[in-house]
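Read through the structure below, which is laid out as structure tokens, and then see the notes.
Residue numbers (the numbering used here): 35 to 438.
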């Protein structure tokens with residue numbers, strides 16, 4: 035083979051490589067598109083035992099929850115950097131940043147350096163961001179996405195970071211006392227800052243009731259700061275306290291409709307923290323009702339975000355060790371499921387916690403303790419096919435990061 039022919043052959047090979055690379059790049063950019071809607075639901079205690087009890091409570095043994103229609107499923111280990119059983123903050127940080135951190139830590143590594151969260155990364159990609167909870171906006175499950183601190187108990191700092199960073203287009207939840215000064219509107223701040231006023235000055239529309247949230251026009255470019263309670267929001271059975279508060283499903287619906295204006299898509303994080311609050315107090319029926327509320331919110335997301343959305347439902351940790359005992363009848367549901375069973379044993383029991391007459395704890399404690407138990411994750415949409423087998427909770431970050 036002479037040099038001239040060899041050079042032509044090499045040039046032709048380079049041309050094919052160049053064209054092939056261009057075609058591949060075009061294909062990945064235009065045919066393998068990332069999901070427009072990315073929604074993460076976080077619910078403590080999302081274990082197989084709680085899921086089963088919730089299904090039976092909602093409709094009996096033949097019933098299926100909407101979230102159970104999500105096609106992909108895995109079990110997640112949840113250990114923290116320092117403890118085998120995580121707390122809320124370290125478990126939430128694993129979901130938000132993909133890193134294992136110490137107990138009480140929110141989005142900071144062992145050297146005190148801040149870790150970028152999914153909300154930070156979504157904003158950098160030009161996506162809109164929504165952060166929703168039915169507890170306090172400063173609760174660890176949501177705070178891990180916007181705050182960086184070595185102590186999640188420092189809610190004054192967490193709330194200040196929310197206002198200073200303003201990372202999300204939409205904030206909806208409770209915890210108003212952490213945003214008002216101590217001499218105003220039931221506030222708890224000792225630094226004199228009125229974070230409501232500061233959010234207004236940053237261009238946020240302030241909403242305090244369900245009616246105000248629903249009145250926001252859907253063509254409105256969203257910068258919404260909605261706080262509907264001084265502390266956590268009301269449980270569904272607290273009719274009077276929750277009369278003017280939106281449900282979790284209503285907040286999800288409104289957030290999706292407002293976030294869709296952005297052609298680059300959005301990230302929505304929904305923290306169903308009332309499940310956690312009920313579990314710490316051994317309020318078994320409330321846990322099951324809150325799981326039903328979560329299921330309605332997932333159904334709303336599926337309806338409004340569309341079939342191409344990436345939707346993942348998982349938990350931070352398991353609390354209290356709730357169990358449904360005995361042999362309920364196949365069609366038992368609601369109250370008939372959770373009364374004392376035919377064996378004379380309380381249908382609902384706990385491992386630890388204050389205990390209740392209808393839900394005693396094996397080892398009484400002032401509040402339920404975390405449980406060494408793997409957490410379920412269910413998902414649907416592009417990227418959710420990676421949810422299979424036994425995984426670590428940091429996988430959730432990896433899936434969502436690659437979808438941004």
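A virtual CB, placed ideally from N, CA and C, is assigned to each residue, including glycine.
The model shown is predicted, which means the values in this text are computed figures rather than measured ones.
Coil, strand or helix - residue i by DSSP
i	result
residue 127	helix
residue 325	helix
residue 267	coil
residue 361	coil
residue 259	strand
residue 70	coil
residue 148	strand
residue 57	Because residue 57 carries a pLDDT of 48, less than 50, the predicted location of this residue cannot be relied on, and the following value inherits that uncertainty. Looking at residue 57 - three-state DSSP - the assignment turns out to be helix.
residue 390	strand
residue 309	helix
residue 412	strand
residue 379	coil
residue 275	coil
residue 404	strand
residue 181	coil
residue 332	helix
Local Cβ density within 10 Å of residue i, reported as buried at 16 or more and exposed below that
i	result
residue 5	In the structure displayed, the chain extends from 35 to 438; residue 5 sits before or after that span and is not available.
residue 446	The structure shown has nothing for residue 446, since the chain only spans 35 to 438.
residue 410	buried
residue 117	exposed
residue 105	exposed
residue 431	buried
residue 132	buried
residue 273	exposed
residue 387	buried
residue 67	exposed
residue 217	exposed
residue 342	exposed
residue 396	exposed
residue 279	buried
residue 282	buried
residue 422	exposed
residue 374	exposed
residue 234	exposed
residue 146	exposed
Range covered by the alpha helix (DSSP H) that runs through residue i
i	result
residue 248	244-248
residue 229	229-235
residue 383	First-last for residue 383: 382-387, but that is the beta strand (DSSP E), not the alpha helix (DSSP H).
residue 345	Note, residue 345: premise wrong, no alpha helix (DSSP H); beta strand (DSSP E) at 344-348.
residue 175	174-177
residue 82	82-93
residue 284	282-293
residue 371	369-372
Spatial distance of residue i from residue j (CA atoms)
i	j	result
residue 163	residue 295	12 Å
residue 138	residue 175	11 Å
residue 462	residue 206	Lying outside 35 to 438, the shown extent of the chain, residue 462 is not represented and no answer is given.
residue 182	residue 195	8 Å
residue 403	residue 303	25 Å
residue 75	residue 241	23 Å
residue 319	residue 257	36 Å
residue 112	residue 352	9 Å
residue 300	residue 362	43 Å
residue 126	residue 134	10 Å
residue 220	residue 265	10 Å
residue 436	residue 73	14 Å
residue 86	residue 313	16 Å
residue 298	residue 263	32 Å
residue 309	residue 140	20 Å
residue 185	residue 344	31 Å
residue 331	residue 208	17 Å
Distance cut-off 6 Å: residue i Cβ against heavy atoms of the ligand COA
i	result
residue 293	With respect to the ligand COA, the structure shown offers nothing to examine, as it has no ligands at all.
Element boundaries [beta strand (DSSP E), containing residue i]
i	result
residue 398	395-398
residue 425	422-426
residue 301	300-305
residue 112	Neither: residue 112 is in no beta strand (DSSP E) and is coded neither H nor E.
residue 162	162-170
residue 239	239-241
| field | Minimum length 3: unbroken beta strand (DSSP E) runs contained in the segment 183-231 | value | 204-208
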